[in-house]
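Quick note on numbering: the sequence shown equals residues 43 to 126 in the numbering used here.
Beta carbons: idealized from backbone N, C-alpha and C, even for Gly.
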Amino acid sequence: MVSFKNIKTSDYAKIKRGLKKLFKITPYPSNDHSIIETFDIASLGYKFPVTYYKTKTLLVQGDESHEDFKRAIEFIKYSLKIDY
């Protein structure tokens, strides 16, 4: 699980657009009022959720050793200009 804090709505929109270009994204409805949006990233036989909270936290859950998970995290860090 990787968490990014203080993500502006505009940054989240940019991240989501980029992830859509890299992966198949499936919206995931949530009844949790603290969540703005949740979607699954799917790859061959593997999927993991990405959740954007009203607290401006972006949470990516999954197997940190999986190549697609790593690629998604690297893309998010690159989009936010975070050193890694």
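Within the same chain, Phe117, Ser121 come within 8 angstroms of Gly60 by CB-CB distance, once the 5 residues on both sides are set aside. Put simply, of Ile49, Lys63, Phe46 the residue whose alpha carbon is nearest the alpha carbon of Ile83 is Lys63. By the Cβ neighbour-count rule, Ala55 is exposed, with fewer than 16 other Cβ atoms within 10 Å of its own.
Collapsing the DSSP output to three states places Phe81 in a strand. Membership of Lys56 in any beta strand (DSSP E) is not indicated; the residue belongs instead to the alpha helix (DSSP H) covering 51 to 64.
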